[in-house]
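Q: Sequences listed follow chains L and P, in order.
Using this note's numbering, read the first sequence as starting at 239 and increasing by one per residue.
Using this note's numbering, read the second sequence as starting at 3 and increasing by one per residue.
Beta carbons: idealized from backbone N, C-alpha and C, even for Gly.
Can you keep this structure in mind? I'll have questions shortly.
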Amino acid sequence: MSDPILKVEDLRVYFYTYAGVVKAVDGVSFEVYNKEVFGLIGETGCGKTVTSRAITRLIPDPGRIESGRALFRINSRWVDLLKLPEDELRKIRGSMITYVFQDPTSALDPLYTAGYQIVETILAHNKTHPREAWSKAIETLRRVLIPEPEIRARSYPHELSGGMKQRVVAGASIVNEPRLLVADEPTTNVDVTIQAQMIELLSQLKNLKGMSIILVTHNMGLIAEMADRVAVMYAGKIVEIADVNTIFEEPLHPYTQGLINCVPDPTKELKELYPIAGTVPDLINPPSGCRFWPRCSRAMDICKREAPPGINVSEGHRVECWLYAGSGL
Amino acid sequence: MSEPLLSIRNLKKYFPVRRFLLAKDYVKAVDGVSFDIYEGEMFGVVGESGCGKTTLGRTVLLLTPPTAGEIYYRGEDVLKYDNKKMIEFRRKTQIVFQDPYSSLDPRQTIFDVIIEGPRYHGIDVGDPEEFVISLLRKVGLEEYHLYRYPHEFSGGQKQRIAIARALAMNPEFVVFDEPTSALDVSVQASILNMIKQLQKELGLTGMFISHDLAVVKFMSQRIGVMYVGKIVEIGDSDELFKEQLHPYTRALFSSIPIPNPQKTRLRKKIIIRGEPPSPIHLPKGCRFYPRCPYAMPICKVEEPDLIEINANRHVACWLYR
Ligand SMILES: Nc1ncnc2c1ncn2[C@@H]1O[C@H](COP(=O)(O)OP(=O)(O)OP(=O)(O)O)[C@@H](O)[C@H]1O
Ligand SMILES: Nc1ncnc2c1ncn2[C@@H]1O[C@H](COP(=O)(O)OP(=O)(O)OP(=O)(O)O)[C@@H](O)[C@H]1O
Ligand code: SF4
Ligand SMILES: [Mg+2]
Ligand SMILES: [Mg+2]
């Protein structure tokens with residue numbers, strides 16, 4: 239494995255709502271390596287989007303980043319994105335770190351052509367002649383597999399299909415050759431055949447440009463297909479991190495095991511599925527101790543009292559669960 | 003296998019859309035679909051967004067009148083039913099929708115939600131409270147839920163309520179339209195187990211609609227694959243997963259990510275280019291030909307019919323003529 243380009247340490251993001259403080263992300267640490275796809279998986283509301291947005295402080299009110307560091311490597315220097323002045327951070331966002339969100343429609347301005355929106359992204363971060371930027375925009379549209387890019391560059395968003403819009407957004411996000419691309423549910427609500435095109439595209443971009451990708455999704459199939467390493471989130475915490483094969487074949491955390499077991503595998507003949515008992519906890523009053531204990535079949539006394547520490551069970555495999563206390567490296 | 007409970011022949015449902023002032027176009031949401039569903043089986047319908055699955059489910063149950071085609075229930079022409087028979091058909095056939103949030107009236111208690119149908123149809127249920135409680139138990143809810151309101155339930159629980167409401171009518175045939183698409187996988191698993199269990203226990207016949215191939219495979223004995231308004235292939239669920247005949251089915255099945263890193267990466271994928279055509283402006287000939295890697299000259303001019311390959315497989319593709 240190569241060097242990390244991003245080190246997130248003890249990140250906490252709380253939302254101060256009328257009903258109480260939502261501890262959406264509560265002490266999350268992970269690293270993203272050069273040229274890897276880092277998968278962030280978990281069920282609705284577990285904090286994937288908030289985590290991935292907090293890296294560049296894209297947290298809306300009433301949210302606040304409570305603590306933590308997000309160290310990003312620029313050349314050989316580490317900068318803490320959570321402390322950087324806003325104008326410097328803005329230079330990084332959109333050039334070195336870019337985002338693709340789930341809904342391509344809201345990411346595009348209906349008043350401007352697809353080509354113009356990419357040109358705008360180029361000009362915001364580079365001193366380029368507009369004409370040169372235009373040809374670069376067309377080149378980018380070609381790269382994201384838009385047919386007849388010269389014509390399509392002059393189309394407005396409403397003239398493009400959903401899949402096409404998604405590719406324009408992908409184009410805008412890579413045109414400045416970012417080091418880190420955050421793709422948040424890039425294929426949710428997208429058809430399987432279009433999803434296959436997106437997967438192919440993202441893999442090509444990764445190889446071509448040598449960038450890293452944080453892939454945020456609740457789709458286990460997509461993670462199996464694309465991720466190199468995987469972090470499993472539950473109720474605002476990362477409960478397990480390991481390489482993708484370990485996560486699927488030898489998961490240690492009871493939640494990860496449950497998650498793997500309840501997803502139907504179409505290549506198997508299944509008589510029944512194995513749901514996880516209980517429901518996701520309320521993040522205003524999360525359970526004491528391990529947040530998973532009320533649903534965990536192997537919970538012990540200590541689980542109810544104390545939050546488990548992160549235990550490095552082997553190189554690159556970390557799990558937050560009392561079952562493995564003492565079996566660390 | 004037994005007699006078909008439900009048969010449809012060349013079923014069509016077009017929605018008019020106005021263009022400019024006078025000219026009228028049609029969304030051909032369901033465009034000539036035929037199949038049989040046998041007593042006691044779950045027939046899966048899979049296809050991508052907008053291909054017409056929901057419209058098909060609703061048209062089959064006559065919740066919306068078909069534009070053309072025939073529907074037979076136990077061999078009788080449903081479109082010729084008199085009033086009395088029609089009311090009986092409405093009771094015997096039920097639908098469970100995708101969205102558990104909008105399908106329940108927020109002002110009704112769970113008791114009211116479930117008892118409404120049987121009351122309307124004058125079904126003798128004995129003691130209504132006991133009747134509803136027994137249904138709640140069947141779908142994994144409790145007696146103390148009886149007088150609560152929908153907003154007090156999670157998405158998964160709401161879907162259980164919607165299923166209980168359908169079962170209250172003692173139906174023979176139930177359409178499940180993506181009943182778990184809005185739910186998390188851990189919740190989905192228990193709902194799917196439950197539907198499967200109930201189907202066996204009550205001898206239900208049904209149609210299970212989903213865009214998720216793994217879910218459809220888990221739930222159904224036979225599967226119909228839909229592409230822009232048409233069923234392009236029908237086959238036994240396990241066999242269809244082993245071998246697909248139609249080029250679209252093949253591409254679809256080869257590109258679903260499998261939750262197993264080794265298997266999913268080693269698989270040979272067929273990635274088809276482009277996107278499905280608009281159901282308003284369909285290509286002449288086979289509707290898949292613009293994206294089909296095997297297209298031949300005839301595919302551009304003439305539409306292939308769904309033909310029988312063997313008792314367990316039907317396919318609409320010129321490659322098999
Ligand atoms: N603006 C907000 N105000 C209050 N709470 C919020 C806000 N945004 C997010 N949250 C809370 O933070 C938690 C994490 O949300 P987040 O969007 O990160 O989840 P997610 O894992 O991305 O889920 P999904 O799979 O549904 O996208 C949730 O419990 C959510 O209710
Ligand atoms: N009432 C309506 N009026 C006009 N067009 C409609 C109507 N209902 C559906 N359509 C159109 O018919 C086509 C099929 O829609 P339908 O909802 O049946 O698809 P679906 O396969 O269920 O899609 P999804 O997977 O998104 O639920 C779509 O193009 C849709 O826009
Ligand atoms: S009929 Fe022709 S165009 Fe259609 S799927 Fe078959 S080979 Fe392809
Ligand atoms: Mg999210
Ligand atoms: Mg639908």
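Go ahead and label lysine 403 (chain L) buried or exposed: buried means 16 or more other beta carbons lie within 10 angstroms of its beta carbon, across all protein chains shown.
A: Under this definition lysine 403 (chain L) is a buried residue.
Q: Three Cβ pairs or more, each shorter than 8 angstroms: is that satisfied between the segment 272-291 of chain L and the segment 460-469 of chain L?
A: Verdict: yes, contact present.
Q: Is threonine 494 (chain L) close to chain P? Criterion is C-beta to C-beta, closer than 9 angstroms.
A: Threonine 494 (chain L) does not count as touching chain P.
Q: Determine the DSSP secondary structure at tyrosine 296 (chain P), reduced to helix, strand or coil.
A: Here tyrosine 296 (chain P) sits in coil by DSSP.
Q: Which same chain residues, not among the five before or five after glutamate 485 (chain L), have their C-beta less than 6 angstroms away from its C-beta?
A: First, the residue type needs correcting, since residue 485 (chain L) is isoleucine and not glutamate in the sequence shown. Val468, listed in sequence order.
Q: Check whether the Cβ of histidine 456 (chain L) lies closer than 8 angstroms to any heavy atom of ligand 2, and answer yes or no.
A: It does not: the Cβ of histidine 456 (chain L) is nowhere closer than 8 angstroms to a heavy atom of ligand 2.
Q: What's the call for lysine 475 (chain L), buried or exposed, on a 16-neighbour Cβ count within 10 Å?
A: Counting Cβ neighbours within 10 Å, lysine 475 (chain L) comes out buried, since at least 16 surround it.
Q: Quick check on asparagine 483 (chain L) - is its C-beta less than 9 angstroms from some C-beta in chain P?
A: Chain P contact via Cβ: present.
Q: Ligand 5 and glutamate 180 (chain P): does the residue's C-beta get closer than 8 angstroms to at least one heavy atom of that ligand?
A: True, at least one ligand heavy atom lies under 8 angstroms from that Cβ.
Q: Taking just the CA atoms, how far does threonine 455 (chain L) sit from serine 290 (chain L)?
A: Taking the straight line from one Cα to the other gives about 11 angstroms.
Q: Using the Cα positions of alanine 166 (chain P) and aspartate 503 (chain L), report the straight-line distance between them to the nearest angstrom.
A: Cα to Cα, the separation comes out at about 28 angstroms.
Q: Pick from P:Ser222, P:Val218, P:Arg269 and P:Cys294: whose alpha carbon is nearest that of proline 249 (chain P)?
A: Checking every option, the nearest Cα to that of proline 249 (chain P) belongs to P:Cys294.
Q: Going along chain L, which residues have a C-beta under 8 angstroms from asparagine 262 (chain P)?
A: Neighbours of asparagine 262 (chain P) on chain L, chain order: Ala462, Phe486, Asp503 and Thr505.
Q: Could you check the C-alpha separation between glutamate 558 (chain L) and arginine 269 (chain P) for me, to the nearest Å?
A: If you take the alpha carbons of glutamate 558 (chain L) and arginine 269 (chain P), they lie about 33 angstroms apart.
Q: Give the straight-line distance between the Cα atoms of tyrosine 324 (chain P) and aspartate 33 (chain P), rounded to the nearest whole angstrom.
A: Here chain P has residues from 3 to 323 only, and residue 324 (chain P) is not among them.
Q: Report buried or exposed for proline 298 (chain L), applying the criterion of at least 16 other Cβ atoms within 10 angstroms of its Cβ.
A: By the neighbour-count rule (16 or more Cβ atoms within 10 Å), proline 298 (chain L) is not buried but exposed.
Q: The alpha helix (DSSP H) spanning lysine 265 (chain P) covers which residue range?
A: Where lysine 265 (chain P) is concerned, the enclosing alpha helix (DSSP H) stretches over 263-268.
Q: What do you reckon, is the C-beta of aspartate 186 (chain P) under 8 angstroms from a heavy atom of ligand 4?
A: Not so, every heavy atom of ligand 4 lies at least 8 angstroms from the Cβ.
Q: Going straight from the alpha carbon of valine 134 (chain P) to that of leucine 7 (chain P), what length do you get?
A: Approximately 28 angstroms between the Cα atoms of the pair.
Q: Look up lysine 219 (chain P) in the DSSP assignment and give the residues it is bridged to.
A: Lysine 219 (chain P) pairs with nothing; no bridge assigned.
Q: What's the gap between the Cα of alanine 308 (chain L) and the Cα of arginine 302 (chain L)?
A: Roughly 15 angstroms between the two C-alpha positions.
Q: Going by CA-CA distance only, name the one from L:Tyr254, L:Leu244 and L:Ser314 that's closest to isoleucine 293 (chain L).
A: Out of L:Tyr254, L:Leu244 and L:Ser314, L:Leu244 has the C-alpha closest to the C-alpha of isoleucine 293 (chain L).
Q: Where threonine 251 (chain P) and isoleucine 233 (chain P) are concerned, what is the direct C-alpha to C-alpha distance, given to the nearest angstrom?
A: Approximately 10 angstroms, taken between the alpha carbons.
Q: What is the DSSP secondary structure of leucine 1 (chain P), counted as helix, strand or coil?
A: As displayed, chain P neither begins before 3 nor continues past 323, which places residue 1 (chain P) out of reach and without an answer.
Q: Return no unless some Cβ of chain L is closer than 9 angstroms to the Cβ of asparagine 195 (chain P).
A: Yes, asparagine 195 (chain P) counts as interfacial toward chain L.
Q: What do you get for threonine 366 (chain L), buried or exposed, if any count of 16 or more other CB atoms within 10 angstroms of its CB means buried?
A: Its Cβ having fewer than 16 others within 10 Å, threonine 366 (chain L) is exposed.
Q: Mapping DSSP to helix, strand and coil, what is arginine 11 (chain P)?
A: DSSP places arginine 11 (chain P) in strand when its eight states are reduced to three.
Q: Measuring CB to CB, does isoleucine 360 (chain L) end up less than 9 angstroms from alanine 371 (chain L)?
A: Yes, the Cβ-Cβ distance between isoleucine 360 (chain L) and alanine 371 (chain L) is below 9 angstroms.
Q: For the beta strand (DSSP E) containing phenylalanine 99 (chain P), list its first residue and its last residue.
A: Careful: phenylalanine 99 (chain P) lies outside any beta strand (DSSP E) and carries neither H nor E.
Q: Would alanine 318 (chain P) count as contacting chain L if we go by Cβ distances under 9 angstroms?
A: Cβ-Cβ to chain L under 9 angstroms: no for alanine 318 (chain P).
Q: Within 9 angstroms (strictly less), CB to CB, does glycine 474 (chain L) reach chain P?
A: No, no contact with chain P.
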